[in-house]
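Following: one structure in structure tokens, then a few remarks.
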Amino acid sequence: MTDTMDLTGRKEAVETAIQGGRSLWDDARARLFRNKAAVVSMWVLGIIFFIAVLGPFFWVHDYRTISSNVELAPTFENLHLLGTDTQGRDSLARLMIGLRISLAVGLVATIVSLIIGVTWGAVAGFVGGRVDNIMMRFVDVLYAMPFIFFVILLLTVFGRNIILIFAAIGAVEWLTMSRIVRGQTLALKNMEFIEAARATGVPFFTIIRRHIIPNVVGPVAVYVTLTIPVVILAESFLSFLGLGVNEPLTSLGVLISDGAKEMQDKPWMLAAPALTMMVTLLCLNFIGDGLRDALDPKER
Amino acid sequence: MSAVQRIASRIPWAYTGRRLLIAIPTLLLIITVAFFMMRMAPGGPFDGERKLNAATEAALNAKFGLDKPLWQQYTDYLWGVMQLDFGPSMKTLGKSVNDLIADGLPISLAIGFLSITLAIIVGTAMGIFAGLRQNTAGDYSVMGFAMAGISIPTFVTGPVLILIFALTFSVFAVGGLGTYPNIGMSFHNMTLPVITLALPQIAIISRLMRASMIETMRSGHIRTARAKGLSERDVVLKHALPSAVLPLVSYVGPAMARVMTGSLVIERIFGLPGMGSYFVDGAINRDYTLVMGALIIYATLIVLFNLVADILYALLDPKVKYD
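Chains as they are written, first to last, in our numbering: chain A, 19 to 318; chain B, 1364 to 1686.
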């Protein structure tokens, strides 16, 4: 009985293979969608994203409106569902704006690091030789820099500035990216299809763009999903030290740091932003893990 | 060959030498960038709430050499650093940066060292446990814990631990280094900061260890060991563990650096007067010399930890060859 089932299963597999239906990417996607934690995380993250982007437009309270109802507990009165902060501003409205800022920092800084890291690594790996040596030594030197300190210096010296935070964090995170991409490129560049491209006279940057980069997308995608939470953490780290975004804007880090001061009497002021951040980071990490397992199944 | 000679012969001396040589331009770059960044910024160390009168300001500037041309300040500073003299603090009167570092560094190093040790022990144990029970309830609960450890920032765990263990149950100190006459680092006031700092590292190490353990247990030499009829205990402890632990070694160097920088926040939460607090306060108050001193110490530590990790790796893994 089981044998026949096995056989029919195998027959189907052979048939789809003959029709050429399943590429490596299809396989990876199927594996990703079989991972329950990753799928649930994608839904939750989607909802979180939706709330962060659209929520502030529809919520009855504005995150800047100060009132005399200071530090209210969560209540349905006036629809202060999460209470109010030390200046009487609606906590839910502030949470949504904070979430938006944190996600934005995570995304933008990761994109910055993605662009720099992929270009740097692909060029170094592909050109090779002395250029590669110099470029990667440069990465080595930067690796030894205590970057968080430089970011702190920058922020204290030039004033708090959200664009500076984006750029500074992005500029730190590209190093690992460039190493990953370089390793992949080194492995790829001696393969026949690259040689064929070169032999037919495809220009240098076209080879990198059309042949190298698509083939390093897998490991890079994994690293990107795992970088976003790191960046969100880095931003909140700065916020906690009092170097985050300026009032009245806020971020999850600022909210958590404010909440921590009041946690003994008003634990909800810490709980709401802390839980939001935890859930966001958990989802991103689960998706990253799921992607990694899907693209590189040998570790399962 | 004695054991010492055998170990010495496995240390990649040429590589170590070259890495130390690279460290010099790295540190020089850090010093230079930080130096000029601080000087170019608007505002100086003596712009306080009140404007100082011109004579006082000139005297202060002369005392700290701020009246000299910039390039001369720079070369003077470099000359001092080469003699391990980081100059006087510009804000803490009567103290040199060396004094402040001597006060703060032991605290930061103690927290960092204890945390990473705790993280390695607990993380490795949890990783082995989970790896040997892949896809069982035990594995899932350990990995769930690890996932939470990665996703919860230390400045959430810190206050929560304080709330539970210090404010509610009064088991440990809320923070600080105690009050007279019990000043100093003790079990009572170091436990919470060390645990808080260790938690994310425990999470990462256990995940690494689990993956590595799973891979090792599938490899050929484990099958051979089992085929020889060794007990499962010997298979795991004597054959799997030594090779499974290797990826960890290359992680611990950078992790040590991360723990050191992470202590910035820990020191803030628990009110500990370590290097991190000096650095942040110095940066906010424009205490040029203090910030530079702290930065150089941190950078040197990071370079050293990474180097030690690489050498350890070469010692442990006979396959690794540094050119």
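Where a beta carbon is used, it is the ideal one built from N, C-alpha and C, also for glycine. As the structure is a computational prediction, the values presented were derived from the model and not from experiment.
Put simply, of M281(A), F304(A), D80(A) the residue whose alpha carbon is nearest the alpha carbon of T1531(B) is M281(A). Here the C-alpha atom of L1477(B) lies approximately 6 Å from the C-alpha atom of V1557(B). When DSSP states are grouped into helix, strand and coil, T268(A) belongs to the coil group.
Contact fails between the segment 232-241 of chain A and the segment 1498-1518 of chain B, because fewer than three Cβ pairs, one in each stretch, are under 8 Å apart. For S131(A), the enclosing alpha helix (DSSP H) begins and ends at 109-145. A contact is defined here as three or more CB-CB pairs under 8 Å, and the segment 270-277 of chain A fails this definition with respect to the segment 182-202 of chain A. Spanning the alpha carbons of L299(A) and V1519(B) requires a straight line of approximately 13 Å. For M60(A) and K54(A), the gap between their C-alpha atoms comes out near 10 Å. Under a criterion of Cβ atoms nearer than 7 Å, the residues of chain B adjacent to A278(A) are, in order, F1518, P1522. If you look at N53(A), you'll find it isn't in any alpha helix (DSSP H); DSSP assigns it neither H nor E. Under the three-state reduction of DSSP, P1516(B) is assigned to coil, being neither helix nor strand. For a cut-off of 8 Å, the C-beta gap from L1463(B) to L1611(B) is around 35 Å, too long to register as a contact. Under the Cβ criterion of 9 Å, R1631(B) is counted among the residues facing chain A.
In the displayed model, P1451(B) falls within a strand according to three-state DSSP.
Here the C-alpha atom of I1374(B) lies approximately 12 Å from the C-alpha atom of L1670(B). Under DSSP, S1459(B) takes part in a beta bridge, and its partners are P1451(B). Between S1569(B) and M1489(B), the C-beta spacing is below 9 Å.
Nearest CB-CB separation between S1514(B) and chain A: below the 9 Å threshold. In terms of CA proximity to D158(A), R1382(B) leads the group I1629(B), A1417(B), M1445(B), R1382(B).
A Cβ-Cβ distance of about 6 Å is found for the pair L288(A) and A278(A), placing them in contact under the 8 Å criterion. Nearest C-alpha to F223(A) among L261(A), R155(A), W138(A), L293(A): W138(A).
At least one beta carbon of chain B lies nearer than 9 Å to the beta carbon of P285(A). DSSP places T102(A) within a strand segment (E or B) once states are collapsed to three. Around the C-beta of S1594(B), fewer than 16 other C-beta atoms lie within 10 Å, and the residue is accordingly described as exposed. For the pair of segments examined, the segment 1507-1521 of chain B was found to touch the segment 1561-1578 of chain B: the number of CB pairs separated by less than 8 Å reaches three. Of all residues in the segment 246-259 of chain A, only P247, L251, S254, F255, F258, L259 come within less than 8 Å of chain B when Cβ atoms are compared, listed by chain position.
Residue range 1376-1403 is occupied by the alpha helix (DSSP H) that includes R1402(B).
Looking only at S1640(B), P1451(B), T1379(B), G1637(B), the smallest Cα-Cα distance to D1673(B) is reached by T1379(B). Non-local beta-carbon contacts of A312(A) in its own chain, meaning distances under 6 Å to residues more than five positions away in sequence, involve A46, R49, L50 in chain order. DSSP places I84(A) in the coil class of the three-state scheme, outside both helix and strand.
Using a CB distance cut-off of 9 Å, Q282(A) counts as an interface residue toward chain B. Excluding five sequence positions before and after Y161(A), the CB atoms of its chain that fall closer than 7 Å to its own CB belong to L193, given in chain order.
Under the Cβ distance rule, M1445(B) does not count among the residues neighbouring chain A, no pair being separated by less than 9 Å. Between the segment 1441-1451 of chain B and the segment 1611-1622 of chain B there are fewer than three inter-stretch CB-CB distances shorter than 8 Å, so the stretches are not counted as touching. By alpha-carbon distance to T1487(B), the top candidate from M1572(B), K1458(B), S1533(B), V1505(B) is M1572(B). Taking every protein chain shown into account, the CB of G147(A) has fewer than 16 other CB atoms within 10 angstroms, so this residue is exposed.
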